[in-house]
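Asker: First the structure, which I've put down as C-alpha cells, then a few questions once you've had a look.
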C-alpha cells in the first residue's frame with residue numbers, strides 16, 4: 001500500500017495548564033509553567049472508514065520565537081494562533097488526498113499566513129506539526145497499522161515535493177528499510193538553574209537513575225560557562241566515569257565567544273570534558289546561523305542546528321556552512337524529521353558517518369507527547385534522546401488520576417507508580433519502545449480525559 005487517500009472530517013483543539021515542579025532556564029528565559037495543547041482529528045480513509053487521531057504538545061514560551069519585544073504570554077498566544085489557523089486550513093481541504101498531500105497544501109498556506117504576521121518559521125510550523133501527528137494517528141488506526149509499518153508502506157504518501165534536493169526513489173528506499181530501536185536512552189538535561197548537589201540536584205538524579213548521557217545548557221557568558229562545565233565534569237567524572245555529553249547554547253553565542261569556549265576545551269581544565277563531548281547544538285541565533293560558514297570552528301566538534309531549523313531547506317543550507325546535524329522534534333513536524341533522516345543518509349553516502357539527526361526535546365510530557373516523539377526517534381533508529389520533561393513536571397501534572405492510570409495500563413513498561421503518583425519510569429536510564437511501536441496508531445492505545453481539558457477554540461469541520 002502507498003499513499004492512502006483521506007479526507008479531514010473534523011478537528012478539535014484543547015489545552016491544559018502545566019505547572020512546573022521547578023523553574024527551567026534556557027538562554028535568557030526562565031519558565032515555570034506553560035500550557036499543553038491537545039488535538040483530535042477525525043479522518044476518513046478511502047475504502048476503509050472513519051477514525052479519530054490524537055496528539056499533544058507543549059506550548060513553550062520564548063523558544064519558538066525569542067523576539068525580545070514579546071512577552072512569554074505573547075509567544076504562547078502566537079502558538080495558539082498557529083494551531084487554530086492550521087486547524088482551519090486543514091479542515092477546509094476540499095476532497096481527498098494523501099496525508100502528506102494535506103500537509104504540503106496546509107503547510108504552504110500556513111507559511112503565507114505566518115509571513116503576513118511577521119512570525120518565524122518555528123511558529124508557523126507548530127500548528128501543522130500537531131495536525132499532521134493527529135492525522136497520522138487516525139490513518140494508522142483506520143488501517144490497523146503501527147507507526148513503523150505505516151512508514152514502511154508509506155501510507156502517508158511522503159514524496160519529494162517539500163524536498164526537491166531528494167529524489168522520490170531515495171525516500172521510498174529509506175522508508176522501506178527503517179529499523180526501529182528497541183530502547184531509547186535518556187539524555188538528561190542539566191538546566192542552568194539545576195543544582196549539582198543536594199536535594200533535587202543532578203547528583204540526586206544520578207543516584208535515582210542509570211544515566212550515562214547528559215545535555216548541558218550554556219548561556220553565552222564564557223567564564224561562567226567554563227566554570228560550570230568544570231564543576232559538572234568533576235561531578236560526572238566521579239559518579240558516571242564513562243559519561244558522554246552534548247552542549248546546547250540556545251542561540252546565546254557568537255563566533256568570537258564560541259572560539260574562546262573551544263580554546264578552553266583544549267586546556268587541562270576542560271580537555272577531559274572535550275573528549276566526552278558528542279556535539280554542540282545551536283551556538284548562534286537562528287538568523288546568524290546562516291550568515292557565515294563555521295569554518296575552522298567546526299574542525300574538531302560536530303555542530304547541529306535546532307532553532308534555526310525553521311523550514312525544509314534549513315538542514316541542507318546548514319550543511320553547506322559546515323554543520324553536520326539537525327534536531328528531530330515532533331513540535332517542528334514529524335515529516336521534516338523523516339525527510340532530514342533521508343538527507344543525512346544521502347550525505348553519508350559521500351562522507352560516511354559524518355552527518356546525523358539528533359533527538360532533542362526536553363519538554364515532552366507523560367502521555368501522548370512523550371510517547372509519539374519517542375516512537376518517532378526510535379523509528380528513525382536514534383539510540384538516545386534529550387528526554388527529561390519528567391524532571392520539571394510531576395508525573396502527569398494536573399491530569400486526572402484516571403487518565404494516568406489508562407496510559408500506564410496501555411504502556412506498563414513506560415510508566416510506574418511512586419509516592420502515590422504515576423510517572424515516567426526513568427530509573428533504568430532508557431525507555432523501552434516495543435509497546436509504542438506495535439500498537440495500531442501513532443504510539444496510541446490511550447487518550448487523555450477530554451472532559452478535563454479546556455477548548456482552545458471553536459471546532460473545525
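Numbering (the numbering used here), first residue to last: 1 to 461.
Every residue, glycine too, gets a C-beta built ideally from N, C-alpha and C.
Given the structure is predicted, the values throughout are model-derived calculations rather than measurements.
DSSP beta-bridge partners for residue 415?
Answerer: BP columns for residue 415 point to 424.
Asker: Curious, which full-length alpha helix (DSSP H) runs of at least 4 residues does the stretch 194 to 221 contain?
Answerer: Runs of the alpha helix (DSSP H) inside the stretch 194 to 221: 202 to 208.
Asker: Tell me residue 173's beta-bridge partners as DSSP assigns them.
Answerer: According to DSSP, residue 173 bridges with nothing at all.
Asker: Residues in the same chain with beta-carbon distance under 8 Å from residue 461, minus the five sequence neighbours each way, listed in chain order, please.
Answerer: Its pLDDT being 46, under 50, residue 461 is placed unreliably by the model, and the measurement read from it follows with that caveat. Excluding positions up to five away in sequence, the list reads 9, 10, 11 and 91.
Asker: Rounded to the nearest angstrom, what separates residue 367 and residue 354 at their Cα positions?
Answerer: Using only the alpha carbons, I get a separation of about 34 Å.
Asker: To which residues does DSSP link residue 389 through a beta bridge?
Answerer: Partner(s): none; residue 389 has no beta bridge.
Asker: Report the CB separation of residue 358 from residue 301 in whole angstroms; it is logged as a contact under 8 Å.
Answerer: Not quite, the Cβ-Cβ distance comes to about 14 Å (not below 8 Å), so this is no contact.
Asker: For the beta strand (DSSP E) that residue 456 lies in, which residues bound it at each end?
Answerer: Residue 456 -> no beta strand (DSSP E), and no H or E assigned at all.
Asker: If you scan the stretch 209 to 291 from start to end, which runs of the alpha helix (DSSP H) of 4 or more residues do you find wholly inside it?
Answerer: The stretch 209 to 291 contains these whole alpha helix (DSSP H) runs: 222 to 239, 255 to 264 and 268 to 275.
Asker: Which partner residues of residue 166 appear in the DSSP bridge assignment?
Answerer: None; residue 166 has no bridge partner.
Asker: Helix, strand or coil for residue 378? Go by DSSP, reduced to three states.
Answerer: Residue 378: helix per DSSP, three-state reduction.
Asker: In terms of alpha-carbon separation, which member of 68, 193 and 83 lies closest to residue 232?
Answerer: For the residues 68, 193 and 83, the minimum Cα distance to residue 232 belongs to 193.
Asker: Put residue 110 into one of helix, strand or coil per three-state DSSP.
Answerer: Helix, per DSSP.
Asker: Considering only residues of the same chain and omitting the five flanking positions on each side of residue 191, which have a CB-CB separation below 7 Å?
Answerer: Same-chain partners within the cutoff: 24, 25 and 217.
Asker: Please list, in chain order, all residues of the same chain as residue 390 whose beta carbon is under 7 Å from its beta carbon, the five residues on each side excluded.
Answerer: Here the set comprises 366, 423, 424 and 426.
Asker: Compute the beta-carbon to beta-carbon distance between residue 433 and residue 180, rounded to the nearest angstrom, for a pair I have assumed lies under 8 Å.
Answerer: Right, the Cβ-Cβ distance comes to about 6 Å (below 8 Å), so this counts as a contact.
Asker: Excluding five sequence neighbours on each side, which residues of the same chain lie with their C-beta closer than 7 Å to the C-beta of residue 133?
Answerer: Same-chain partners within the cutoff: 55, 330, 334, 372 and 442.
Asker: Could you pull out every residue in the same chain whose Cβ sits closer than 6 Å to the Cβ of residue 72, ignoring the five residues on either side in sequence?
Answerer: Once the five neighbours on either side are set aside, the close Cβ partners of residue 72 are 61 and 62.
Asker: Classify residue 8 as helix, strand or coil using the three-state DSSP reduction.
Answerer: Strand.
Asker: Which of the three DSSP states is assigned to residue 324 in this structure?
Answerer: Coil.
Asker: Is the Cβ-Cβ distance between residue 285 and residue 256 less than 7 Å?
Answerer: Going by C-beta atoms, residue 285 is not nearer than 7 Å to residue 256.
Asker: Using 7 Å as the threshold, is the C-beta distance between residue 53 and residue 135 below it?
Answerer: Against a cut-off of 7 Å, the Cβ pair of residue 135 and residue 53 comes out as a contact.
Asker: Name the residue from 170, 236 and 110 whose alpha carbon lies nearest to the alpha carbon of residue 347.
Answerer: When only C-alpha atoms are compared, the closest one is 170.
Asker: Would you mind sorting residue 225 into buried or exposed? The rule is 16 or more other CB atoms within 10 Å of its CB.
Answerer: Counting Cβ neighbours within 10 Å, residue 225 comes out buried, since at least 16 surround it.
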